[in-house]
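According to this note's numbering, numbering within the sequence shown proceeds without interruption in unit steps and concludes at 164. From the three backbone atoms N, C-alpha and C, an ideal C-beta is built for every residue, glycine too.
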Amino acid sequence: MSSQSIQEEVAKMGEKLLTKLSQIPQADTVEIISFTIIIVFIAAVLVVAIIACSGCCCTNKKRRTTRVQPKAEV
Numbered sequence: 091m092s093s094q095s096i097q098e099e100v101a102k103m104g105e106k107l108l109t110k111l112s113q114i115p116q117a118d119t120v121e122i123i124s125f126t127i128i129i130v131f132i133a134a135v136l137v138v139a140i141i142a143c144s145g146c147c148c149t150n151k152k153r154r155t156t157r158v159q160p161k162a163e164v
C-alpha cells in the first residue's frame, strides 16, 4: 500500500467516527451502549499495551535472574 492510500483510509475512518459521534445524541440506547463498550475495549487494549511497554522497555532496574541448576541425582 502506498502512503497516499493509507492516508485516504485513515481519513475515511476518521470521517466515519466523527459521523458516529455526531449521531450519538439521536441514537437509541443499544447503539450508545455498544459504542461505549467498543470505546472501553479500545482504551483497555491501549492501557495494557502502554503498561507492558513501560514495564519491559522503560525500567532502569537490572533484575537479578536466578540460574536454574540441574536437579541432583538421588
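Three-way DSSP call (helix, strand, coil) for K102 in this model: As a first step, residue 102 is located in the sequence shown; it is residue number 12 there, counting from the start. Residue state, collapsed to three classes: helix.
Report yes if the CB atom of F131 is closer than 8 Å to the CB atom of I114, and no otherwise. Locating residue 131 in the sequence shown gives position 41, counting from the first residue. Locating residue 114 in the sequence shown gives position 24, counting from the first residue. Not in contact: F131 and I114 (Cβ atoms no closer than 8 Å).
V120, enclosing alpha helix (DSSP H) - first and last residue: Position 30 of the sequence shown holds residue 120. Start and end: 119-147.
Straight-line gap, T109 to V158 (C-alpha atoms, nearest Å): Within the sequence shown, residue 109 is the residue found at index 19, counting from 1. Within the sequence shown, residue 158 is the residue found at index 68, counting from 1. Between the alpha carbons of T109 and V158 lies a distance of about 57 Å.
For Q97, three-class secondary structure by DSSP: One-based indexing of the sequence shown puts residue 97 at position 7. In this structure, Q97 counts as helix in the three-state DSSP scheme.
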